[in-house]
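Chains as they are written, first to last, in our numbering: chain A, 1 to 245; chain B, 1 to 245.
2 protein chains.
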Amino acid sequence: MSGWIAVAGLGPGAEALVTPEVSAALAEASDVVGYIPYVARVAPRAGLTLHPSDNRVELDRAALALTLAAEGRRVVIVSSGDPGVFAMASALFEALEAAPEHAGADIRILPGITAMLAAAARAGAPLGHDFCAINLSDNLKPFAVIERRLRAAIAGDFAMAFYNPRSKARPEGFARVLEILRAGCEPGRLITFARAVSTPDEALNTVTLAEARPEMADMRTVVLVGNSGTRRVGRWVYTPRGVKP
Amino acid sequence: MSGWIAVAGLGPGAEALVTPEVSAALAEASDVVGYIPYVARVAPRAGLTLHPSDNRVELDRAALALTLAAEGRRVVIVSSGDPGVFAMASALFEALEAAPEHAGADIRILPGITAMLAAAARAGAPLGHDFCAINLSDNLKPFAVIERRLRAAIAGDFAMAFYNPRSKARPEGFARVLEILRAGCEPGRLITFARAVSTPDEALNTVTLAEARPEMADMRTVVLVGNSGTRRVGRWVYTPRGVKP
């Protein structure tokens, strides 16, 4: 029996946003590996071993998956959202690079609905034109890189989506992000704080940049910043498709 | 009977990438509105009226959907990929803004698997760190805006995804994009040309920037450009999660 690894995106939370491809992989799996709250979204069943692990141990988790697959197990690594967006796919390839004995592993990456697109859909279409996705966590990169990318995104008049905007461990980072935005964008720039979209805890709040406060975000929030043309129509926020010459 | 509009993302092509939420909306619909090849992906059935229309008539299509919903119809506007990424959601809100008589319309946006994430999953994880999505079509914006955004994305060392890279009508645009990339990035920068991902016509081709040629892309291609740290491991391309200080 030959083992395999599927790195699967569970989407933002609702079952209705899990693709049939991901559901099929979970139905065939012998083992599910992932961060505790994501593994908790997989229904237990006979023949399925769950391997929940803590945050910040992505490389250990990936190494476990490679070992299990080499033993012939059918392993699904679960990510929230899409596995290729600030999630487990890159971690698996880092682990693969460090473990040449697993070079022949049978790997598939199964895309999912990433948080920024689920949040944008609830708000309207704030990412309806060119946009950037930036991870504001400075666990794996210096804040100077975040700042450089923010300034570039402002210079390019991109709409922006921020992942991991704020944690208890570093509340000052997001305050600094708002300062940088205020220095480069007009005060009426629209910002949507989208928390836990598609779960029972969902909450959306759209404000102007002048009104935005750091405490409007937590680690379950995706922050969507419009470009200079983003506007409201009724309860919706959208970015027009075109830019006039 | 009260009508509604759902703007639904069909994903990149495969049925296994259509969310259950979108399938449910299509099952309840009385009318499906959209660009001809996307409407062709919806199975005909009794009680369902299909309204396929040509490209570049997005506002007419959105106005039709608003009119049908006002008549009590259950309308799904279909987009390829995700409706909020260079697709019909923004067009619907533009039409809504122009038609205040429809201000009370019951609208939902249903996210889908957007082309860049399906393509990234096939390639590995080239968008595994901060990235930009840029529409290279100059139908609705001057090329100077595209150029400004490209330069900003290079300055920020973002990975990039390009939608609509090349058409018969303007083959020179993508050649110019490659020139701009060559001026700002190292020749070994990895670029993946991902064509028609998840369809029978799927084709992936990863080359270096030095090897990239304009004719490697057409309008069914999404182009993924790595950041300065993007690399290969075996047949995969991935962008590491971190940036070393």
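Think of the CB as a built atom: it goes at the ideal place given N, C-alpha and C, for glycine as much as any other residue.
Might you give, ordered along the chain, the residues of its own chain that have their beta carbon closer than 6 Å to the beta carbon of residue 238/B, omitting 5 neighbours on each side? 124, 125 and 128
State yes or no: is the beta carbon of residue 174/A nearer than 8 Å to at least one beta carbon in chain B? Nearest CB-CB separation between residue 174/A and chain B: not below the 8 Å threshold.
From the DSSP output, read off the bridge partner residues of residue 124/A. 237/A
Note down, in chain order, all residues in the segment 88-106 of chain B with a beta-carbon under 7 Å from any beta-carbon belonging to chain A. Answer set for the segment 88-106 of chain B: 89, 90, 91, 93, 94, 96, 97 and 103.
Using a Cβ-Cβ cut-off of less than 7 Å, give me the residues of the segment 145-171 of chain B that come near chain A, in sequence order. 145, 148, 149, 152, 153, 155, 156 and 158
Assign residue 84/B to one of three DSSP states: helix, strand, or coil. coil
Other residues of its chain near residue 158/B: CB distance less than 7 Å, five sequence neighbours each side excluded: 130, 131, 132 and 227
To be precise: take each residue of the segment 229-241 of chain A, compare its Cβ to all Cβ atoms of chain B, and keep it if any distance is under 7 Å. Which residues remain? 233, 234, 236, 238, 239, 240 and 241
Given this structure, state the Cα-to-Cα distance separating residue 193/A from residue 104/A, to the nearest angstrom. In this model, residue 193/A and residue 104/A are separated by some 43 Å (Cα to Cα).
Where DSSP assigns a beta bridge to residue 74/B, which residues make up the other side? 4/B
In chain order, which continuous runs of the alpha helix (DSSP H) of length 4 or greater are located wholly inside the segment 3-68 of chain A? 20-28 and 36-39
With distances taken between CB atoms, is the gap from residue 59/A to residue 233/B smaller than 8 Å? no
Beta-ladder partner(s) of residue 160/B, from DSSP: 132/B and 225/B
Nearest chain B C-beta to residue 26/A closer than 8 Å, yes or no? no
Do we get a CB-CB distance below 8 Å when we pair residue 135/B with the residues of chain A? yes
Could you tell me which residues DSSP puts in a beta bridge with residue 191/A? 207/A and 225/A
Contact with chain A by residue 13/B, beta-carbon distance below 8 Å: no
Within-8 Å CB hit, residue 191/B to chain A: At least 8 Å separates the CB of residue 191/B from every CB of chain A.
By DSSP, does residue 79/B sit in helix, in strand, or in coil? strand
Of all the options 153/B, 163/B and 162/B, which has the alpha carbon lying nearest to the alpha carbon of residue 185/B? 153/B
So residue 21/A contacts chain B; which residues on that side make the cut at Cβ distance below 8 Å? Per Cβ cutoff of 8 Å: 14, 16 and 17.
Chain B partners of residue 111/A, CB-CB under 8 Å? 17, 113, 117, 118, 120 and 121
Evaluate residue 188/B with the Cβ neighbour count: other Cβ atoms within 10 Å of its Cβ, from every protein chain shown; 16 or more gives buried, anything less gives exposed. exposed
Tell me whether residue 246/B is buried or exposed, calling it buried when 16 or more other Cβ atoms sit within 10 Å of its Cβ. In this structure chain B extends from 1 to 245, so residue 246/B is not present and cannot be described.
Using a Cβ-Cβ cut-off of less than 9 Å, list which residues of the segment 75-87 of chain A approach chain B; keep chain order. Taking 9 Å as the cut-off between beta carbons, the residues of the segment 75-87 of chain A near chain B are 82, 83, 84, 85, 86 and 87, in sequence order.
Among all the DSSP beta bridges, which residues are the ones paired with residue 109/A? Residue 109/A is bridged to 7/A.
Against residue 185/B, what residues of chain A qualify as contacts under a CB-to-CB distance less than 7 Å, listed in chain order? The premise fails here: residue 185/B is roughly 14 Å from chain A at the closest Cβ pair, so nothing lies under 7 Å.
DSSP has residue 232/A in a bridge; who is on the other side? Paired residue(s): 237/A.
For residue 128/A, which residues in chain B fall below 7 Å Cβ to Cβ? 84, 89 and 90
Exposure label - residue 2/A; buried when at least 16 CB within 10 Å: exposed
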